[in-house]
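Protein chains in written order, with my numbering: chain A, 1 to 110; chain B, 1001 to 1113.
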């Protein structure tokens, strides 16, 4: 079945440093979504990418979808303590199933 | 106004008991889901319903039985609870295949002792 791998599993950064998490799918995706889960909270939808090679920005967050639509990345510039949480990618198929990656747990040291 | 609400928020119960978790969404979405999140944060889909019809039924023990009385509600009943069922269970909803993302409830932390 479809697998979505996400790395790294953990990332510890100093406040102000950049952070990137990567997502790879075993199959071609129709779309990729990104979610953020704060400690003790629930996943919150951030964005969806659909087109091959698409790049979208939300303030300090940059999301990319690979040309082959099998990989994606989330880059945060100049992390802040409010960025703490687990970031999930989720790969969508044409028949509607969304498979989540294992998540990257980000801690930011002030 | 809570978009996706789950009850209870916490559930502590003994092995062998039967329990239910309820979920309601007021977003007008037509698709609802149950996800299980283990201690390593891994989110695994269990079930999905579209307009009260079961469309995704992953490999889940048949002790777990979802029920959708209408498209705004999706409940989860668990029979003969086991220690390994301890996890956080999230309900979520979306419109169609979720082009605008899934909206998750705040979760139910189930602890089986």
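Here a beta-carbon is modelled for each residue, glycine too, at the ideal position from N, C-alpha and C.
All values reported here derive from a predicted model rather than from experimental measurement.
Taking residue 1063(B) as the centre and dropping the five residues before and after it, the same chain places the C-beta of 1078, 1079, 1080 closer than 7 Å to its C-beta, in chain order.
Annotated as proximal: residue 35(A) and residue 46(A), with beta-carbon spacing under 8 Å. The beta carbon of residue 1008(B) lies closer than 8 Å to those of 1021, 1108 in the same chain, with the five residues before and after it left out. Taking residue 77(A) as reference, the option from 91(A), 88(A), 62(A) with the minimal CA-CA separation is 62(A).
Restricting attention to 19(A), 21(A), 25(A), the CA atom closest to the CA of residue 92(A) is found in 25(A). Shown here for residue 1043(B): same chain residues with a beta carbon closer than 7 Å to its own, the five before and five after excluded, namely 1035, 1037 in chain order. The CB of residue 96(A) comes closer than 7 Å to the CB of 1097 in chain B, given here in chain order. The C-beta of residue 1056(B) comes closer than 8 Å to at least one C-beta of chain A. Around residue 1106(B), the beta-carbon contacts reaching into chain A at under 7 Å are 42. 1032(B) is the residue among 1032(B), 1060(B), 1102(B) whose C-alpha sits nearest the C-alpha of residue 1054(B).
Cβ neighbours of residue 1076(B) within its own chain (closer than 6 Å, five residues either side excluded): 1021, 1034, 1066.
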